[in-house]
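Q:
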Amino acid sequence: MAAQSGIVGRGDELRFLLGTAERARRREAQVVFLSGPAGIGKTALTEAFCRELPDFRILSVAGVPTERLIKYAAVNRMIQNARGGLPLAQRRVNLVPETASVMAAGGALIDVLDDFRGDAPAALVIEDAHWADASSLQAIAFAMLRMTHDDLLCLVVTEQVRRTKSDMGFTGSVRGVSQLDLGGLSAQGVREYLAARGLPAVPESQLLRISRWSDGNPLYLTALLAAPEGGSLPDRPSPAEVPPSLAEAVREWSRSFPPAGRLLLDVLVVLDTPATVPLLQRMTGDEDVLGHIDDLVAAGAVTWREEAGEPSLHLIHSGQRDALYSSLPLPERRRLHRTAAEHVDPPRRWRHRVAALSSYDAELAAELDRAAQREAAGGDLSLAAQYLLAVSAVSPDPDTRDAALLQAVRLLVVSGQYAAALAYASRVEAHPPSPRRQEALGFLEYARGRDVSAAEHLRQAWEGFDGADEEAAARAAGDLATLQRSLGLGEQSARFARYALARTSDPVVIGEARANLAYGAALSHGPAEGLRMLTHLRPNPADVAPADLDALVCRGTLRGLSGQLVQALSDLRAMARTSAPGLTRRTDFAARVHAASCHLQLGEWEEARRTVSLAFDEAQVSGRDVDFAVLHAASATQHACAGRWEEMAADLNAAQEIARTTDFSAPGFHVLQAGAIAAFVRQDWPEVMTRLRRAREDSANAGRVRLYGTWFLPLLGVAAARAGQLASAEEALTALEEIEPTGAMPVVARLWLRGAVLHARGETREAVRAYRDGLTEPPAGGEPVLHRNLLRCDLGRALIELGATEEAQSHLADAERAFRGLQARPWLEQCLALRDEGAGPGRAAQAERFWSELTDREKDTARLVARGWTNREIAGELYLSTKTVEYYLGRMYAKGELRNRRQLRDLVQALTA
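Here the numbering used here is used: the first residue of the sequence shown is 1, the next is one more, and so on.
#1: Under 8 angstroms: do the stretch 286 to 304 and the stretch 205 to 217 share three or more Cβ pairs, one atom per stretch?
#2: Measure the C-alpha to C-alpha separation of residue 544 and residue 471 and round it to an integer number of angstroms.
#3: For the candidate residues 870, 854 and 645, whose alpha-carbon lies nearest to that of residue 893?
#4: Does residue 866 come within less than 8 angstroms of chain D when only Cβ atoms are used?
#5: DSSP three-state call for residue 399: helix, strand or coil?
#6: Report the three-state DSSP secondary structure of residue 179 (helix, strand or coil).
#7: Compare the beta carbon distance of residue 463 and residue 454 with 8 angstroms and say whether it is the shorter of the two.
#8: Work out the CA separation of residue 58 and residue 47 for me, nearest whole Å.
#9: Just reading off the beta strand (DSSP E) that residue 125 is part of, what are its end residues?
#10: Rank 20, 259 and 250 by C-alpha distance to the C-alpha of residue 175 and give the top, closest one.
#11: Under 8 angstroms Cβ to Cβ from residue 898, same chain only, skipping five residues before and after it: list those, please.
#12: For residue 58, does the three-state DSSP call read helix, strand or coil?
#13: How long is the line joining the alpha carbons of residue 357 and residue 191, rounded to whole angstroms?
#14: May I ask you to report which of helix, strand or coil DSSP gives residue 869?
#15: Where do the N-terminal and C-terminal ends of the alpha helix (DSSP H) with residue 712 fall, by residue?
#16: Measuring CA to CA, which of 674, 138, 265 and 661 is closest to residue 651?
#17: Look at the alpha carbon of residue 698 and the alpha carbon of residue 669, and state the distance between them as a whole number of angstroms.
#18: Is it right to say residue 99 is buried, meaning 16 or more other beta carbons lie within 10 angstroms of its own, or is it exposed?
#19: State the DSSP-derived secondary structure class of residue 275, mapped to helix, strand or coil.
#20: Thinking C-beta only, is residue 642 closer than 8 angstroms to residue 824?
#21: Using 8 angstroms as the cut-off, can you tell me whether the stretch 492 to 510 makes contact with the stretch 679 to 686, which would need three or more C-beta pairs spanning the two stretches below that distance?
#22: In three-state terms, what does DSSP make of residue 306?
#23: Beta strand (DSSP E) containing residue 35: first to last residue?
#24: So, at 6 angstroms on beta carbons, what are the nonlocal neighbours of residue 434 in its own chain, with the 5 sequence-adjacent residues on each side left out?
#25: Give the range of the alpha helix (DSSP H) segment to which residue 20 is assigned.
#26: Check residue 89 in the structure and name its three-state DSSP category.
#27: Can you tell me where the beta strand (DSSP E) with residue 158 in it begins and where it stops?
#28: Quick one: grab the DSSP three-state call for residue 311.
#29: What are the start and end residues of the alpha helix (DSSP H) that includes residue 470?
#30: Can you name, in chain order, every residue of its own chain whose Cβ lies under 7 angstroms from the Cβ of residue 8, other than the five neighbours on each side?
#31: What number of angstroms, rounded off, separates the C-alpha of residue 828 from the C-alpha of residue 786?
#32: Determine the direct distance from the alpha carbon of residue 760 to that of residue 799, and round the result to whole angstroms.
#33: So which of 722, 528, 364 and 253 has the shortest CA-CA distance to residue 395?
#34: Can residue 615 and residue 631 be called in contact, C-beta distance under 8 angstroms?
#35: Since residue 415 and residue 441 should fall inside the 8 angstroms C-beta cutoff, what is the C-beta to C-beta distance between them, to a whole number of angstroms?
#36: By alpha-carbon positions, which one of 143, 82, 138 and 126 ends up nearest to residue 118?
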């Protein structure tokens, strides 16, 4: 409906308004306050709503700032507008004098409305009601209260709803009065909004950044489209990209507040952090600051939140801050920064001192540099980067500025602040060639998700440092080893890790190098080999030193891949609760993704869903674009297992789109795995094999195939066995048997696959023995719920073929309970179908008893169901209503203890046979 009306993302709001119009048609007069900040889409929604009211006569007026102090200005313009639409004989205009009472003005408006609408329902629309004079608003309220049983609707559109309602006297709960507060569009609404303006689809991460920056406000979105990029959206909006038109529009909006309110907004903008009431009182010198804050909160300009147990005031979103900041005159901006520096503590004080400067300051630069080195040594790389950026702005020495910038960019990326680092890309690219410039360029490429390009830049940096700066060379080699493992190159990762270990005493570089040695071994020889290289880690994850947190995540990952699911979760959860320095700062992201996989295999599906949701939240704040490909793949896997096919397809498409933009194969590998799992759930065996063969045949994935083999080789082998491609199934079984397990999951998976291969060969009894072995395998490392119950289903199938229906039903009943508990709908349905298939000789007798209990009309209906007819077709054939057909089906389900239409069809077909 919303799209048909020319707006997007406002379907619920439009339906709400149409509901009030329907009540007005029933002679229940309605007053609706439509509120929201400037640009949020109030006018667009109002226009769309009015287009949906062809039977209403609509009378509109808009508040005007210059008329706010003129009594009855808005009412008189409304009267003029109403008379202008009448025949000449009725166009007498008797305006309300300023001396008139509210009752007299309201009565005049009632008379005009009676003439204006005739026999039709009417809608009064007051746009920009916050600018309308209070007397007019009171007169309109009086008229509405006198016409409560008329077919009349009054839509009051305002940016300051509390003040407008107070002016009209609607401060309490009044029958027929409602309020609709417009918030920003959702991320999906933003996507639709951009698509409606002809913009091609943007990556999920960019979409989420833009949604957060703008809070989904169409005013800000439209301004971004009008920016100098020529109709394309900036990847990361910033104050420098705010077009003058937006700055002026937001500044004009801020002028709707009294001077004290405008000053409060300016102070919040300059502080750029939540502010407590005492701080705002000191910054503004206003003892009555709370009253002015209430006005801003009521207008939706700011909001209260809890910070460290104390309420603090926030701006609504980054776009609001950027637009207001860019519109502040430079002298006023510097004055406010100087004031802030007097009232805030370090490290925020330094930022304000820098922003207040109008020239270089060598003393301040030296002070900031010392603070940066102190924070870096203490492990706060993010804060160190901020100090270094300040040095790059205030130092009078160009060499010092350059060195500080390059170091700051590296630390920003290391600490996961990718967007902040990329804002300085042009300055880094303008630097003359040097190893440090190459290093910074490599980190910027990493931030963009271009790991191949990043590795090449870091290799050049390492070559430049080698022999000239040993510690810098060791650090570059450690970072390069991390990138090589990201690229799936185990031997190269181990080589650079050994180089770093031989030349550094830095515990962070040492810890990263040890993790890369283990990961490299796993890529080359399998997860168990990598685990053998991590025996230096303490058994309890809580006791692991901060410098070894990267190695802890490596251990958790390899444990999960080799079957120690519970121990893996212990390691990965510990990492998710903390953070570590180094290029692998994103190990906290990797920890959540691998933890979700462990939860899925353990049957903890709600925890798996929550873990992926948390990872999405983290990636939105500090993720790379490429992270979203992996996350969407993980989410698609979860949706497929639960049979949520539309959600699965949306996630898989999003993952594929992002993976296409990267320059390395890891994201595509995970996308292929997710697609193969979805195909496996659907029993589309050729699609499973196609996807997983593509993943295996890409030479860039050779290491990943060894690393992730326990996850996808069972799917590949079972699919091949089901498709009758025995050679491929046996090849997958051989590859799986070469992987050394450390827990039950790979063993159960291997026995499941062995049983599938034997079953496909026709050796059903041997297959049953393999399946039974899989059921008796002790659950070392955690019970592999998913693999064990898929095995149970296949065991039940084999036993049915051997005629052991009682044992088959027992195993299938166990699998049914497990899948029902997991809400794994596709596998539950497959399990139930097997149970029906194995019902044994009593099936025919059951069918005959069922048939004998049916009425003649029910039998006619059942025969047509068995032929595949739809309810509508059956109704037409038997001259029934579809409701009657549904009634017959319900009765038949109850008589036959049937769950669905498919079971009814199968039962009737079995009887016929």
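Yeah, the Cβ is synthetic: ideal placement off N, Cα and C, and Gly gets one too.
A: Quick look at the numbers:
#1: Touching, no.
#2: Cα-Cα distance, rounded: 25 angstroms.
#3: Residue 854 is the option with its Cα nearest to residue 893.
#4: As a matter of chain content, chain D is missing from the structure shown, which is built from one protein chain.
#5: In the structure shown, residue 399 sits in a helix (DSSP, three-state: H, G or I).
#6: In this structure, residue 179 counts as strand in the three-state DSSP scheme.
#7: No.
#8: Straight-line Cα distance between these residues: approximately 11 angstroms.
#9: Counting along the chain, residue 125 sits inside the beta strand (DSSP E) bounded by residues 122 to 127.
#10: When each option's Cα is compared against that of residue 175, the closest is 20.
#11: Cβ neighbours of residue 898 within its own chain (closer than 8 angstroms, five residues either side excluded): 892, 904 and 907.
#12: DSSP, read as helix, strand or coil, puts residue 58 in strand.
#13: If I take the Cα positions, the gap works out to 41 angstroms.
#14: Reduced to three states, the DSSP call for residue 869 is coil.
#15: Taken as a continuous stretch (DSSP letters only), the alpha helix (DSSP H) holding residue 712 covers 709 to 722.
#16: Of the candidates 674, 138, 265 and 661, the one whose C-alpha sits nearest the C-alpha of residue 651 is 674.
#17: Distance between the alpha carbons of residue 698 and residue 669 is about 9 angstroms.
#18: The residue in question, residue 99, is exposed, as its Cβ has fewer than 16 Cβ neighbours within 10 Å.
#19: It is a strand residue.
#20: Contact flag set, yes.
#21: Output reads no: the stretch 679 to 686 does not touch the stretch 492 to 510.
#22: When DSSP states are grouped into helix, strand and coil, residue 306 belongs to the strand group.
#23: Element bounds for residue 35: 30 to 35.
#24: The answer is none, since no qualifying residue turns up.
#25: 11 to 25 is the span of the alpha helix (DSSP H), which, as asked, contains residue 20.
#26: For residue 89, the pLDDT reaches just 47, beneath the cut-off of 50, and the residue's location in the model is therefore unreliable, although a value from the coordinates is still provided. Look at residue 89 here: in three-state DSSP terms it is helix.
#27: Per DSSP, residue 158 belongs to the beta strand (DSSP E) from 152 to 158.
#28: Collapsing the DSSP output to three states places residue 311 in a strand.
#29: Looking at the DSSP string, the run of the alpha helix (DSSP H) that includes residue 470 is 470 to 486.
#30: Here the set comprises 2, 189, 192, 193 and 196.
#31: When rounded, the distance between both Cα atoms is 12 angstroms.
#32: Computed Cα separation, rounded: 14 angstroms.
#33: Sorting 722, 528, 364 and 253 by C-alpha distance to the C-alpha of residue 395 places 364 at the top.
#34: Yes.
#35: Taking C-beta atoms under 8 angstroms as the contact rule, residue 415 and residue 441 fail to qualify, at a distance of about 18 angstroms.
#36: Answer by Cα proximity: 82.
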